[in-house]
Amino acid sequence: MLAKLSTRPAVRRSAGTGALALALLGAGLPAASADPPQPGLTRFYQQKVTWTACKGSDAPKDLQCAKVTVPLDYARPRAGTLDVALARYQATGKKQGSVLLNFGGPGGAGIPELAADGREFMDLTNGYDVVTFDPRGVGRSSPVSCGEGSDEASQATDDEADLSHPRTLLARLRKAADECARHSGPVLPHIGTVNASRDLDVIRQALGDKKLNYLGFSYGTRLGAVYAAQFPHKVGRLALDGVDTLTEPLSEQGVAGAEGQQTALDDFLDWCTTDVACPFGQDRRAAEDQVIRLVRSLDANPVPTDSGGSFSGQDLVGAVGQALYSKQLWPPLERALASLVQDGDTRGVLNFAAGGADPSGATRSGNGALVDPQDVPPDNLPAALMAINCADDPDRPDAAQITKDLKNLQATYEQASPVFGRYRLTQLLMCYGRPKGTDFIRDEVKDVHSANMLLVGTRGDPATPYRWTVETAARLGPSAVVLDNRGDGHTGYTSSKCVHRKVDDFLLYGSLPPSGSSCPADGTEGGGITNSAD
């Protein structure tokens, strides 16, 4: 879920939906015993982190960078390694260790996020070094890419003719999967949350912490839950905000995501049509029809961009989905859409597609600060999102099953959202042609016997519906304590003073609210954390 590329929903189940649950690259490893490390891993657990100033003219002067080496394949530690990139703000108070942050995705790079939004986490430096990382396959940690494969897959599902002829569609999707494998290199079969969790434990040890203190948003909650299942005795204080599902197949997640984003779009249009500057006018009933026509028009006739590429209706849908995670982004979204509709200017919406605009109106790219654009493929975010989601879900229907169910599935997604349905269906279908994923998350991440974890669910979250928080807490067991945030937006830490305070109290002092306690909708809107996948 960085979600960046948004992805992050109450699900309407259907027979067609369950049939097409697609997913994973690389079989997951079983739960690991972290004490002592398994044979062959000792050298990785003996590392110490060396911090230096981050490179880049836009790097905050007090942000430090480092790397930790991990095995490419934990089952064969001698078969190769990769470096996981880290960044931190040092503790200013009495240091009690480190707290690791994951901002979501999947596919979101942590380092540019911490560089851009570090002010949100400065309270935690009263007791911790605040550390983040680019997970394997992401950002500066052996980034994956699909090259022309991403365009191949999206064009296939954008084409009504291909959707009407599943064999043609599947051939293009398999070609896209081959392109992703060719461009990504050896990391691709070993990407996914099970291995990223193993990396987390190596990072914990390299930082000198006996236990992991962790704050994960959106997809980052999945990573935190998997860590707790693999290393229950190494859990320190884990806070999970915008809680992901551990059990629903990608097909159902996609429907839920489409429904959640449609609700957020409806809310945006309710607001926009009260403003004379709204590009869709002041007739609320007609506004959604205008949005649908705009998407279809751009799909039929994409417009050129300043970079020499083209911008389609599905590109627009992805960009709008990014902006709907926070009400604070509604005014810049309105302006960007007005520029597109009135002048054909794609620059504003492309900023959202690349990673969004911050509340001040400034923009940053998805791979953002601190990274030379030549170091990270421009499609790393969607390529990593796809790879990790496909690696985390064991379902992989064959061609006959997809051919049989595609029309019903398409109807289900279109019913969930006439705007976001096809975009979500594309994300689902792009797992076709990839190796079957792990069943570890669905089957083994449950009944965790660890220290208490704080799970935050937001009632009006368009990406990770509140019910996922309740379901995941019940699955994890008595160690999971739920905080009910009665506000709106994706995640609560940066948008609710109450949530922010309670999470900080837990991480800094171990003070847990009673399970089931709540935070009011205090009206303090913030730029929520992005979730790309769920």
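Numbering (the working numbering), first residue to last: 529 to 1062. Glycine included, every Cβ here is placed at the ideal spot set by N, Cα and C.
Cβ-based neighbour list, residue i, same chain, cut-off 7 Å, excluding 5 preceding and 5 following
i: Thr721; result: Arg750, Leu751, Val754, Ile916, Asp920 and Ile969
i: Gln575; result: Val596, Thr597 and Ala734
i: Pro714; result: Leu600 and Gly608
i: Ala724; result: Pro663, Arg664 and Leu751
i: Asp1033; result: Ser1039
Among the options, nearest to residue i - alpha-carbon criterion
i: Val658; options: Ser669, Gly568, Asp590 and Lys935; result: Asp590
i: Gly788; options: Ser1024, Gln850 and Arg812; result: Gln850
i: Ser854; options: Pro567, Thr986 and Arg952; result: Thr986
i: Thr833; options: Phe808, Phe649, Leu793 and Gly876; result: Gly876
i: Pro671; options: Arg710, Thr580, Lys974 and Arg700; result: Arg710
i: Pro807; options: Pro990, Asp611, Pro859 and Pro694; result: Pro859
i: Lys974; options: Thr775, Gly841, Arg702 and Leu697; result: Thr775
i: Leu569; options: Lys583, Ile731 and Ala939; result: Ile731
i: Glu972; options: Pro760, Leu1011 and Asp871; result: Pro760
i: Leu652; options: Trp579, Gln624 and Pro717; result: Gln624
i: Thr578; options: Arg616, Arg571 and Asp586; result: Arg616
i: Thr940; options: Ala784, Lys739, Gly770 and Leu740; result: Ala784
i: Asp989; options: Leu728, Asp769 and Gln566; result: Asp769
i: Ala699; options: Leu852, Pro717, Ser746 and Ala928; result: Ala928
i: Ala815; options: Arg863, Glu676, Leu797 and Leu857; result: Leu797
i: Phe839; options: Asn936, Phe880, Thr874 and Ala643; result: Thr874
i: Ala643; options: Gln592, Gly675, Asp817 and Lys622; result: Gln592
i: Asp903; options: Asp811, Leu857, Ser673 and Met650; result: Ser673
i: Leu852; options: Gln955, Val976, Ala786 and Ala581; result: Ala786
i: Leu1004; options: Leu1035, Gly782, Gln758 and Asp926; result: Gln758
i: Ser1007; options: Ser835, Ser978 and Asp729; result: Ser978
i: Ser746; options: Gly1017, Lys1030 and Leu1035; result: Gly1017
i: Pro905; options: Phe649, Pro922 and Ser712; result: Ser712
Counterpart residues of residue i in DSSP-defined beta bridges
i: Gly985; result: Asp1012
i: Gly632; result: DSSP, once it has assigned bridges, lists no residue as partnering Gly632.
i: Tyr617; result: Leu591 and Val658
i: Asp769; result: Phe745 and Val984
i: Ser1045; result: Leu1011
i: Val596; result: Val612
i: Val763; result: Leu740
i: Lys627; result: According to the sequence displayed, residue 627 carries Val and not Lys. Bridge partners of Val627: Val658.
i: Ala581; result: Gln592
i: Phe839; result: Val831
i: Val666; result: Ser669
Anticipated Cβ contact below 8 Å, residue i with residue j, distance rounded
i: Ser1045; j: Gln790; result: Contact doesn't hold; Cβ gap of about 30 Å is too wide.
i: His1028; j: Tyr1037; result: With a Cβ gap of about 14 Å, His1028 and Tyr1037 do not count as contacting.
i: Cys959; j: Leu697; result: That pair is no contact at about 13 Å.
i: Val823; j: Gly841; result: 4 Å
i: Ala866; j: Ala805; result: 6 Å
i: Val666; j: Thr992; result: The Cβ separation is near 20 Å, so there is no contact.
i: Leu861; j: Leu844; result: So it is not a contact: roughly 11 Å between Cβ atoms.
i: Leu934; j: Pro694; result: 5 Å
i: Glu955; j: Gly748; result: It should be pointed out that residue 955 corresponds to Gln in this sequence rather than to Glu. Actually they do not touch by this definition, with Cβ atoms about 19 Å apart.
Euclidean distance between Cα positions of residue i and residue j
i: Asn829; j: Gly949; result: 20 Å
i: Ser1043; j: Pro634; result: 28 Å
i: Ala1049; j: Asp706; result: 47 Å
i: Pro605; j: Arg664; result: 15 Å
i: Gly961; j: Leu1040; result: 45 Å
i: Phe631; j: Ser1023; result: 14 Å
i: Leu953; j: Asn654; result: 44 Å
i: Val1064; j: Val848; result: Given a span of 529 to 1062 for the chain in the structure shown, any question on residue 1064 remains unanswerable.
i: Leu610; j: Ala912; result: 16 Å
i: Gly872; j: Thr801; result: 21 Å
i: Asn879; j: Ala864; result: 9 Å
i: Gln618; j: Arg821; result: 50 Å
i: Arg1000; j: Thr773; result: The sequence as given places Thr at residue 1000; Arg does not occur at that position. Thr1000 and Thr773: Cα-Cα distance of roughly 6 Å.
i: Cys708; j: Arg924; result: 17 Å
i: Val763; j: Asp794; result: 40 Å
i: Gly621; j: Pro588; result: 20 Å
i: Gly675; j: Pro910; result: 11 Å
i: Lys738; j: Asp803; result: 54 Å
i: Val947; j: Asp817; result: 10 Å
i: Lys932; j: Arg813; result: 36 Å
i: Ser835; j: Gln566; result: 49 Å
Contacting residues, own chain, Cβ-Cβ under 6 Å from residue i (five flanking each side not counted)
i: Gly556; result: With a pLDDT of only 41 at Gly556, under the threshold of 50, the placement of this residue in the model should not be trusted; the figure read from the coordinates follows. Taken in chain order, the residues that qualify are Val722, Thr966 and Phe968.
i: Asp662; result: Ala613, Ala637, Gly638, Ile639, Arg668 and Ser669
i: Tyr742; result: Leu628, Gly752 and Leu766
i: Arg726; result: Tyr602
i: Val1009; result: Asn980, Leu982, Leu1040 and Ser1043
i: Cys1047; result: Asn1013, Ser1024, Cys1026 and Val1027
i: Val998; result: none
i: Ala756; result: Val763, Val976 and Ser978
Residue i at chain B interface by Cβ criterion, 8 Å
i: Tyr951; result: Among the chains of the structure shown, chain B does not appear; only one protein chain is present.
Own chain, CB closer than 8 Å to residue i, minus 5 neighbours either side, in chain order
i: Arg702; result: Tyr960 and Gly961
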